[in-house]
Ligand code: ATP
Ligand code: MG
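Residue numbers (our numbering): 869 to 1717.
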């Protein structure tokens, strides 16, 4: 079983796997460890990754990039609206209102959802890892920004399912980095000591994220996270683009912003320039040939000027750093180290700004590009039963506080309470008890919408059904389990109604909220997700009765409020008294109807999954077709080269001229009628060419290999002739062989020698352009034939003879004499002794014979 860590970046993706006892980052088919987050749809196939990136400018409308942040968003989302105007491709409203993409694929207009597009990218990353590992891959951990809300997280989970991946955890990017940092550290303080606080800063192409983590031996706890979701390397590119747009307008009267292709090219060049400026302070040129209206353009920039232009962006570096320390209630001096990752932290002014804030140098202990993927792979290995990883506990945080609001149709009153505060430990589950007589609704929403980079604060509506009063007409106790799962997604995982038959001493109070530690709550996240998807599609009809015994705590802080679960409290231990006062209780599992934000129905998800499989198949068929076409082209060029090279003597001049004309015809055909043909046509074409080329190639190959084959057979016959001679000369080595057998050997060898000289003579009379009289395979077969006749005779073992008793006694004497002095016997002497024994034995055998 393989485990995979995926850094799903806005611009770049990285994948890492656990292999041979370590974590390895995997390179794609271009030997590149970074796969661009790009998909280019074509008339016959999809290009994904590097190939798609190279088509961005040529296939402008159908090349999708920069889509990571459309996850879980509606087309009319303010962020989508602001991005849309900058995109060279078109967005499309999907049936559920989400932002999707309008492209031409397979010569028709197609609409793809963001889940499908990310699914395509994940499929590619999956294929790359399968290709490297040479086995199927399913289990993975995928990174997401820590500020992703539930809708965005759920959307990425759907994408993983579409790609056929089993996402064991969606991991916050900075948490993955923290894991990659901490798990190898041998010198972390023990659990009794104060923790080591490390700040992790990740500035990628689209976002800026910070987390502060407390490390103890075998343990990492995220204390707080902060972010600027709209600050990244691309903002710095934009500064340069805007500057040069103005410049080119002034200098060349070109309105670059009107021309999508030119704007894209300028963006690419500005990004290159930005990177160059990280290593150079001098003036650097920007030259683009044939930029717009057939004009070349040029400009220049240096670091100082760039920093001046980006001052407004640089000013945004500090606030999240401040915020993260405030939230964690730490001072700068409490920070042991500041570790930076993400491509944009290479911008010197960004790095300086971070260092300036902490009065400390920033560290680049981790690989800035690969740390997220490596952390994810480590997490995947920890979660996978197939790997044994050093125990390392990871406690993440809830990025935004979550509140539950409840109301019933006829019962009076609504209420709300915050169930998870900001930076609450995650994953985590809590149980809330309500007293209700009828079904009621629970609405989850982000407590502080203005802090959340998402327009809709609602997480979902949960309808708790089948609630009825107790037999005595009193309210029923309904326990609702709320949960931040391993993916950081809020869920209302269960609701149970307690039907009590009161006994002595019972007064029916339970803690209003019971908390569960962040234990392994979600061990089968995908199963759960599937279930969620089903439930989301309104198929959850499950309910059942589980008679249980419930121990209830006497004298709790909770008063019998009907519509108020009261204040939250921590886990309570049951007092011995309460155990004595047990009552008969029946837990009835209640059905919950979920209306989640931006959910995909199970049917739609299923159809997306099917479609992805179809598209993979289409890509595979197209690749085979192109490979077949390339094979024809390659054969034509190769054969043509060889006809005037190594094959020249192996074909007559006349035939060579004829063949050359045919090759030229095929080449022409490839560019005209043969440009776009089904795979079989190319296969047939190649077959036809091979019929003509193969005999020449065979003659050449035979010519190259024949001398060795003749030589081998010659040596073999010589060897057997010598053996026969030795036998004739009464060589004692062969005196156990009988004359008839030797005659057989001699006959076989003489026949072979005759065959060999006949074939050699005949072959020597032929020119190289003739087919050979004998094939190498025939000569090799002849060799085998000689062996099969002669070897069993020549190598026949001598019969074993019992040694005369006298000799044995002598021998043991010989061996026993040096025994007293064993230590002084050298290896050589021991060998010599062995040899003597062997000779004596042989002699005895000879004598018997
Ligand atoms: P995100 O984390 O926002 O999803 P990402 O993970 O794809 O995005 P990274 O690969 O970490 O982003 O970083 C890409 C950004 O880093 C780009 O803007 C790129 O131009 C920038 N970058 C890379 N190298 C350098 C460099 N040497 N100097 C300046 N910027 C750089
Ligand atoms: Mg990143």
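We treat Cβ as the ideally placed atom computed from N, Cα and C, and that holds for glycine.
Distance cut 6 angstroms, beta-carbon to ligand 1 heavy atom: residue list by chain order
With 6 angstroms as the limit between CB and the heavy atoms of ligand 1, the residues that fall short of it are 877, 878, 879, 880, 936, 1072, 1073, 1074, 1075, 1100, 1101, 1102, 1139, 1142, 1143, 1146, 1210, 1211, 1212, 1214, 1215, 1237.
State yes or no: is the C-beta of residue 892 nearer than 7 angstroms to some heavy atom of ligand 2?
Not so, every heavy atom of ligand 2 lies at least 7 angstroms from the Cβ.
Considering residue 1012, what are the terminal residues of the beta strand (DSSP E) in which it resides?
If you look at residue 1012, you'll find it in the beta strand (DSSP E) that goes 1007–1012.
DSSP has residue 1312 in a bridge; who is on the other side?
Under DSSP, residue 1312 forms a beta bridge with 1272, 1328.
Flag residue 1096 as yes when its Cβ comes closer than 7 angstroms to any non-hydrogen atom of ligand 2, and as no otherwise.
Because no heavy atom of ligand 2 lies under 7 angstroms away, the Cβ of residue 1096 does not count as near it: no.
What do you reckon, are the CB atoms on residue 1145 and residue 1100 nearer than 8 angstroms?
No, the Cβ-Cβ distance between residue 1145 and residue 1100 is not below 8 angstroms.
Between residue 875 and ligand 2, is there a pair consisting of the residue's CB and a ligand heavy atom that are separated by less than 7 angstroms?
Correct: residue 875 has its Cβ closer than 7 angstroms to ligand 2.
So, using beta-carbon positions, are residue 1356 and residue 1264 closer together than 8 angstroms?
One thing to note: residue 1356 has its Cβ within 8 angstroms of the Cβ of residue 1264.
Does at least one heavy atom of ligand 2 sit under 7 angstroms from the Cβ of residue 1070?
Yes, the beta carbon of residue 1070 sits closer than 7 angstroms to at least one heavy atom of ligand 2.
Runs of 3 residues minimum, wholly inside the region 965–1016: which ones carry the beta strand (DSSP E) assignment?
If we require 3 residues or more, the beta strand (DSSP E) runs fully inside the region 965–1016 come out as 967–973, 976–981, 1007–1012.
Which of the three DSSP states, helix, strand or coil, is assigned to residue 1153?
Correct three-state label for residue 1153: strand.
My understanding is that residue 1297 touches residue 1266, with C-beta atoms under 8 angstroms, so please give their C-beta distance in whole angstroms.
At roughly 12 angstroms, the Cβ-Cβ gap does not stay under 8 angstroms, so residue 1297 and residue 1266 are not in contact.
Output the distance between the C-alpha atoms of residue 1626 and residue 1522, rounded to the nearest integer angstrom.
Rounded to the nearest angstrom, the two C-alpha atoms are 30 angstroms apart.
Buried or exposed, going by whether 16 or more other CB atoms sit within 10 Å of the CB of residue 1467?
Burial call: buried.
Taking residue 1166 as the reference, which of 1156, 956, 1160 has the closest Cα?
Distances from the CA of residue 1166 to each of 1156, 956, 1160 were compared; the closest alpha carbon is that of 1156.
In whole angstroms, give me the CA-to-CA distance for residue 886 and residue 1668.
Straight across, the Cα-Cα distance linking residue 886 with residue 1668 is about 57 angstroms.
From the DSSP secondary-structure annotation, give me the bridge partner or partners of residue 867.
In this structure the chain extends from 869 to 1717, so residue 867 is not present and cannot be described.
Taking the beta strand (DSSP E) that residue 1081 falls in, what are its first and last residues?
Secondary structure note for residue 1081: its beta strand (DSSP E) is the uninterrupted segment 1076–1084.
Hey, is residue 1175 close to ligand 2, as in C-beta under 7 angstroms from one of its heavy atoms?
Residue 1175: no, Cβ never under 7 angstroms from ligand 2.
Span of the alpha helix (DSSP H) around residue 1475:
Per DSSP, residue 1475 belongs to the alpha helix (DSSP H) from 1470–1511.
Kindly say whether residue 1651, judged by its beta-carbon, lies nearer than 8 angstroms to any beta-carbon of chain C.
Included in the structure is just one protein chain, with no chain C present.
Would you kindly work out how many angstroms separate the C-alpha atoms of residue 1410 and residue 1181, rounded to a whole number?
Legend: pLDDT at residue 1410 = 31, less than 50; position of this residue unreliable, value from coordinates given subsequently. CA-to-CA, the gap between residue 1410 and residue 1181 works out to about 53 angstroms.
Among residues of its own chain, excluding the 5 on either side of residue 1531, which ones have a beta-carbon nearer than 7 angstroms to its beta-carbon?
Counting only Cβ-Cβ distances below 7 angstroms, and skipping sequence neighbours, we find 1504, 1507, 1508.
For ligand 2, any of its heavy atoms closer than 7 angstroms to the Cβ of residue 1059?
Residue 1059 has its Cβ no nearer than 7 angstroms to any heavy atom of ligand 2.
Looking only at its chain, what residues have a beta carbon closer than 7 angstroms to the beta carbon of residue 1230, apart from the 5 residues adjacent to it on each side?
Here the set comprises 1206, 1208, 1219, 1222, 1223.
Would you call residue 1251 buried or exposed, if buried means 16 or more other Cβ atoms sit within 10 Å of its Cβ?
Burial of residue 1251 is indicated by the presence of at least 16 other C-beta atoms within 10 angstroms of its C-beta.
If you draw a straight line from the C-alpha of residue 1302 to the C-alpha of residue 1465, how long is it?
Rounded to whole angstroms, the gap between the alpha carbons of residue 1302 and residue 1465 is 24 angstroms.
Beta carbon of residue 1245 nearer than 8 angstroms to that of residue 872:
Their beta carbons are under 8 angstroms apart, which means residue 1245 touches residue 872 by this criterion.
First and last residue of the uninterrupted alpha helix (DSSP H) at residue 1092:
Counting along the chain, no alpha helix (DSSP H) covers residue 1092; the unbroken beta strand (DSSP E) around it starts and ends at 1087–1096.
Coarse secondary structure for residue 1435, derived from DSSP in three states:
Note that residue 1435 scores a pLDDT of 31, beneath 50, so its modelled location is shaky; the value from the coordinates is reported in the next line. Residue state, collapsed to three classes: coil.
Helix, strand or coil at residue 1466 according to DSSP, with G and I counted as helix:
Residue 1466: coil per DSSP, three-state reduction.
State the CB to CB distance for the pair residue 1074 and residue 1090, rounded to an integer number of angstroms; the pair is presumed to be in contact (CB under 8 angstroms).
For a cut-off of 8 angstroms, the C-beta gap from residue 1074 to residue 1090 is around 21 angstroms, too long to register as a contact.
Assuming residue 1047 and residue 874 are in contact, meaning their beta carbons sit under 8 angstroms apart, how far apart are those beta carbons, in whole angstroms?
Their Cβ separation, rounded to whole angstroms, is 14 angstroms, which puts residue 1047 and residue 874 out of contact at 8 angstroms.
Between residue 1346 and ligand 2, is the CB less than 7 angstroms from at least one heavy atom?
No, since every heavy atom of ligand 2 falls outside the 7 angstroms radius drawn around the Cβ of residue 1346.
Helix, strand or coil: how does DSSP classify residue 1173 here?
Residue state for residue 1173 is assigned as helix, using DSSP reduced to three classes.
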